[in-house]
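Numbering of the sequence shown is given in my numbering, commencing with residue 7 and proceeding in unit increments.
Glycine residues also receive a C-beta, built at the ideal position from the N, C-alpha and C atoms.
Report on the following structure.
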Amino acid sequence: MKTTKSILIAGILLAGMNFFTSCEDENFAPDTFQASSGQDAQGGGKGPGGGGSGGNGGGGGGTESTGNNLSFPVIWSEGVPLVLRPALNGVQLGGDWWYVWGENPIDPSSPIYSCNPDISDPCYPAGTPDVYKAYLQKDAANQWQASNFNATDVINVDAIDWGDNLESSDWSVTSKVRTEVVLYENLVTPVTEYAMRHVSGWGIDEVHGLQVELDGDVVYGPGTQATVFSPLARLTIQQLTSTTPSLTWDASVHAWTGDVSAPLFNKAVYEAADGPGYYNGEVNVKGKVIYGYTWDVKKLGMGPGTYRITFSFDQTGGGANLNTFFDSGTTIMLPVEEVVAAEEPGGGGTAVVDATNNLTFIDVNITAAGGGKGGGKKAK
C-alpha cells in the first residue's frame, strides 16, 4: 500500500469522517454529509410499470431532470468536485422501487432478476430466496450520497478500468462508440459505499437502484475503494497510419506524433461546456463517477483502420494544478468477459499504462460498415 494513501485516509479521519465536499451547479458551494452505517430506509413506494419476473423489465421512474445519486465513494484529487445530488438528511427513500433477487447481470445476455411490485400479490416467484427492494435512481424522492472528499496528498492511481466494450469488441465506421474510463484508489480505512442492483434494461434504458432489505435496512458495499476525479483528465483520439507505428507523445499538444493522424478529438474535462461534443465527468446510473464520451465514428473518423484512444492529464487548467498520477503500480482492470471466459476469442483492444508520460491508451479496430458492433457494455 502506498504511503500517500495512508496520509490521505489519516487526513480524512482527522477531519472527523463526517464532512465531505459536495457542490451546487458551477459554484462548488460546500455541503455536508454524515456517513452512517446503520441507516434505515424511510418510506416506500411502488415501481414504474412494466417488467416481469426474471426478465428485462421495462423502464424506470423519476423524471429526466433528476440526476443520479452517488453510490460509490469518490476522491476529488485536485479539490474540484462534480455537481452532486444533495442528500442533506441522509438516506431518504420515498420514491419508486422494484423487487430484485439473484445475481446482478454482467452483460446483456444475462437475465435480470427483478419485477415491478404488485399491491395485492408479490410479483417474484414463491420461495425465492434473498429478495430485496431496489430504490430507483433518477427519482427525486430517493436520495443518498456515498463518501466524497478532497485528496490531502498526491494521488497515485491504483487501477484503471476502460469500458468493457472497448476491450471486448471491434466497431464499424457507422458506430457510436461509448468511451468510458474509471480510475480507482484503494483505501486503508473503509468509507460509506451503497450496494446497487441492476433493475432493468441496458444502455440508454438501463435502470439501477439502491439495494435495501425487505425490512428497510439499507445494504452497504465494502467501501474499500474510491474512484478518482480530476478536471484535468483529457481524451485524445487519433488514427494510426502504420501497422507498426513509431510514435512519440507530445505533452505540449496532448497528442501522439509520428505514424498517426492529427487529433480527431482532443479535449479536457475542465474545457467542457453545455451541450454534446465535450469530454465530461459524470455520475453514471450505477452511482459511480466516471469519465465519458460518445465517439461518433461516422462524423469524427477517417474510415476503417486502427485508432488510438488516449487518456492523459493536463498539468494545469480551470484553476487546478495536477495532483493525479499513474506509476509502476497502476494496473489495468480486466473486463468482466475476460475474467469469466478468458479462453473465448473476440475483438477489442488491449489497454496500456504509460506511467512515464502519465497516460493510458487503447488501440481499437474500426471496420467497414457492418463489420463491427453498434453497442456495448459500459465501464463497471
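Buried/exposed call for leucine 172, threshold 16 Cβ in 10 Å: With 16 or more other Cβ atoms within 10 Å, it is buried.
Same chain, Cβ closer than 7 Å to threonine 80, neighbours up to 5 away in sequence not counted: Strictly speaking, residue 80 in this sequence is valine, with threonine absent from that position. Closer than 7 Å at Cβ, skipping near neighbours: Asn154, Ala232, Thr233, Phe235 and Val295.
Since glutamate 173 is in the alpha helix (DSSP H), which residue starts that stretch and which ends it? In this chain, the alpha helix (DSSP H) harbouring glutamate 173 covers 170-174.
Output yes or no for whether 9 Å exceeds the beta carbon distance between tyrosine 226 and valine 86. For the 9 Å CB-CB criterion, tyrosine 226 and valine 86 do not form a contact.
Between the stretch 237-246 and the stretch 314-333, are three or more C-beta pairs nearer than 8 Å? Yes, the stretch 237-246 touches the stretch 314-333.
Using 10 angstroms around the beta-carbon of aspartate 145, count the other beta-carbons present and answer buried if the total reaches 16, otherwise exposed. By the beta-carbon neighbour count (other beta carbons within 10 angstroms, threshold 16), aspartate 145 is buried.
Using 10 angstroms around the beta-carbon of alanine 132, count the other beta-carbons present and answer buried if the total reaches 16, otherwise exposed. It counts as exposed.
Tell me, which residues are paired with alanine 261 by DSSP? Residue pairing for alanine 261: DSSP places it in a beta bridge opposite Asp256.
Look at the Cβ atom of tyrosine 299, then the Cβ atom of aspartate 369, and state whether they are nearer than 9 Å. Contact annotation: tyrosine 299 and aspartate 369 have beta-carbon atoms that are not nearer than 9 Å.
How is aspartate 320 classed by DSSP in three states: helix, strand or coil? Three-state DSSP puts aspartate 320 in coil, outside helix and strand.
Proximal residues to tyrosine 138 (C-beta, below 8 Å), its chain only, five neighbours per side dropped: Cβ contact annotation for tyrosine 138 (same chain, cutoff 8 Å, sequence separation greater than five): Tyr105, Val106, Trp107, Arg203, Gln217, Val218, Glu219, Leu220 and Val225, in chain order.
Can you name the start and end residues of the beta strand (DSSP E) that alanine 274 belongs to? Counting along the chain, the beta strand (DSSP E) containing alanine 274 begins and ends at 271-274.
Smallest Cα separation from tryptophan 103: which of Val213, Leu189, Asp127 and Ser174? The candidate whose alpha carbon is nearest that of tryptophan 103 is Val213.
Within a Cβ cutoff of 6 Å, which residues of the same chain sit near alanine 165, ignoring the five residues on either side of it in sequence? Result list for alanine 165: Tyr190, Thr337 and Met339, in chain order.
Between leucine 99 and valine 289, how many whole angstroms is the CB-CB distance? I'm expecting something under 8 Å. No, leucine 99 and valine 289 are not in contact; Cβ-Cβ is about 18 Å, not under 8 Å.
Relative to the ligand SAM, is the shortest distance from any of its heavy atoms to the C-beta of leucine 365 smaller than 8 Å? What this structure holds is no ligand at all, so the ligand SAM is not there to describe.
Could you please give the first and the last residue of the uninterrupted beta strand (DSSP E) stretch that includes leucine 439? Outside the shown range of the chain (7 to 386) lies residue 439, about which nothing can therefore be said.
Between the Cα of glycine 169 and the Cα atoms of Gln149, Gln245, Gly355 and Thr230, which residue gives the shortest distance? Distance from the Cα of glycine 169 is smallest, within the candidate group Gln149, Gln245, Gly355 and Thr230, for Gly355.
Taking the alpha-carbon positions, what's the proline 92 to aspartate 159 distance? CA-to-CA, the gap between proline 92 and aspartate 159 works out to about 26 Å.
Taking leucine 391 as the reference, which of Phe332, Ala357, Asn122 and Gln245 has the closest Cα? What the structure shows of the chain is the stretch from 7 to 386, and residue 391 is not part of that stretch, so it cannot be assessed.
For tyrosine 297, the nearest candidate out of Leu88, Asn122 and Asn329 (CA to CA): For the residues Leu88, Asn122 and Asn329, the minimum Cα distance to tyrosine 297 belongs to Leu88.
Below 6 Å CB to CB, which residues in the same chain sit around glycine 215 once its five sequence neighbours on both sides are set aside? Excluding sequence neighbours, glycine 215 sits near Ala140, Tyr141, Leu142, Arg203 and Val205.
Using a Cβ-Cβ cutoff of less than 6 Å, which residues in the same chain neighbour alanine 375 once the five nearest sequence positions on both sides are dropped? Closer than 6 Å at the Cβ level, and outside the excluded window around alanine 375, lie Ser178, Val179 and Thr180.
Could you name the residues that DSSP lists as bridge partners for valine 370? Per DSSP, the beta-bridge partners of valine 370 are Tyr313.
Buried or exposed, going by whether 16 or more other CB atoms sit within 10 Å of the CB of proline 5? Within the shown structure, residues of the chain are numbered from 7 to 386, placing residue 5 beyond reach of any answer.
Under 8 Å by Cβ, that's how I've got aspartate 333 and alanine 357 pegged, so tell me the actual separation to the nearest angstrom. With a Cβ gap of about 16 Å, aspartate 333 and alanine 357 do not count as contacting.
Report the rounded CA-to-CA distance for alanine 47 versus isoleucine 210, giving the unit in angstroms. Note that alanine 47 has pLDDT 36, beneath the 50 cutoff, so the model's placement of it is unreliable and the number below is only indicative. Separation of alanine 47 and isoleucine 210 (C-alpha to C-alpha, rounded to the nearest whole angstrom) is 28 Å.
Rounded C-alpha distance that separates leucine 328 from glycine 264: If you take the alpha carbons of leucine 328 and glycine 264, they lie about 27 Å apart.
Same chain only: Cβ atoms within 6 Å of glycine 353, ignoring 5 sequence neighbours per side: Excluding sequence neighbours, glycine 353 sits near Ser175 and Asp176.
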